[in-house]
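One structure below.
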Amino acid sequence: MGSHNRNGSVRSKMKKKSSKSPTFPEVYIDQDADFASIKLAPGIEAKSFVKDGFVFCQDKKGQIIEIQVLNLSDLKPKRSAA
Numbered sequence: 304m305g306s307h308n309r310n311g312s313v314r315s316k317m318k319k320k321s322s323k324s325p326t327f328p329e330v331y332i333d334q335d336a337d338f339a340s341i342k343l344a345p346g347i348e349a350k351s352f353v354k355d356g357f358v359f360c361q362d363k364k365g366q367i368i369e370i371q372v373l374n375l376s377d378l379k380p381k382r383s384a385a
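Every letter in the sequence shown is one number past the one before it in our numbering, and letter 30, counting from 1, is 333.
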């Protein structure tokens with residue numbers, strides 16, 4: 304089979320699909336699981352570390368691509384009984 308077909312090359316179809324990339328940051332909140340995630344940039348997580356209740360996800364270059372909040376309810380301000 305050849306590297307092209309009547310409907311165009313496979314590479315051009317993949318490029319068209321990827322051109323509709325989402326805008327960043329993307330925020331995901333799950334109240335039931337008490338979890339939130341902020342996706343800062345596209346990429347695949349290669350390494351992560353926890354600091355002060357947050358998970359920081361890095362790509363293979365060491366850039367932060369996502370921040371996750373483990374206990375979302377802990378961030379809400381407490382109301383004082385006045």
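Glycine is no exception: its CB is placed at the ideal position from the N, C-alpha and C atoms. In this text the structure is predicted, and so the values were computed from the model without any measurement.
For Asp377, the three-state secondary structure derived from DSSP is helix. Secondary structure of Lys350 (DSSP, three-state): strand. Cα atoms of Asn374 and Leu343: separation of roughly 19 Å, rounded to the nearest angstrom. Counting the other CB atoms within 10 Å of its CB gives Ile347 a total below 16, which places it among the exposed residues.
Following the DSSP letters along the chain, one finds Phe359 inside the beta strand (DSSP E) bounded by residues Phe357 to Gln361.
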